[in-house]
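Taking it in order: structure first as structure tokens, then the write-up.
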Amino acid sequence: MKKIVLAIIVALGIGQSADARDRYERTDESLPQAAKLTLQKHFKAKVALVKIEKTIGTIQEYEVILTDGTDISFDAKGNWDSVETPINKVVPSKLIPKPIVDYVTANYKKAGIVSIDKENYGYDVELSNGIEMKFDKAGNFKRFD
């Protein structure tokens, strides 16, 4: 009996892992409309690659790499989760909460935001000068990372 139960568990595990494969595409056609609008509105570079990450048959995340090297992650609904740019570019300020933009502009005039990640507590931000900071959900500076 134990062997039968073990065989069923193994078979289910193999079936689920086979269904959880990531898919890669070269266009934005499979992205949710919200993600497509974000790309059109805020980024000039074209889509080079889209990675569709799945877990047990459900899409969890889309990772988009643009031709200029920018890497953007979107959730299953098409809301951006993170944006990372090459060091010679910056994250479009319209994507960043205004209090974060204001703080960085006031305190680091010569640095730009090259990376921003949405987290449960707020935002992780990295500047072009290497400084990493944490902000709460309202965009208030909390600490250096």
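Under the working numbering, think of the first position of the sequence shown as 1372, with each following residue one higher.
Heads up, the beta-carbon is just placed ideally off N, CA and C, and yes, glycines get one too.
Just so we're clear, the structure is a prediction, and the values are computed from it rather than from any experiment.
- The beta-bridge partner set that DSSP reports for I1458 is empty.
- For D1473, the enclosing alpha helix (DSSP H) begins and ends at K1469 to N1478.
- Looking at the DSSP output, R1394 bridges to I1423.
- Per DSSP, reduced to three states, the secondary structure at T1409 is helical.
- The beta carbon of P1463 lies closer than 6 Å to those of H1413 in the same chain, with the five residues before and after it left out.
- The criterion of a C-beta distance shorter than 8 Å is not satisfied by I1467 and I1443.
- For D1488, the enclosing beta strand (DSSP E) has its first and last residue at I1484 to K1489.
- Across the set K1469, V1454, Y1474 and R1394, the C-alpha of V1454 shows the shortest separation from the C-alpha of E1490.
- According to the DSSP assignment, T1429 belongs to the beta strand (DSSP E) that extends over T1429 to L1437.
- Separation of I1430 and I1436 (C-alpha to C-alpha, rounded to the nearest whole angstrom) is 18 Å.
- Within 10 angstroms of the beta-carbon of T1438 lie fewer than 16 other beta-carbons, which makes it exposed.
- With a 10 Å radius around the Cβ and a threshold of 16 neighbouring Cβ atoms, T1441 comes out buried.
- Excluding the 5 residues flanking it on each side, L1498 has same chain C-beta neighbours closer than 8 Å at V1475, Y1479, A1482, G1483, I1484, V1485 and M1504, in chain order.
- Within the same chain, and ignoring the five residues on either side of F1512 in sequence, the residues whose Cβ sits closer than 7 Å to its Cβ are Y1474, M1504 and F1506.
- Secondary structure of K1465 (DSSP, three-state): helix.
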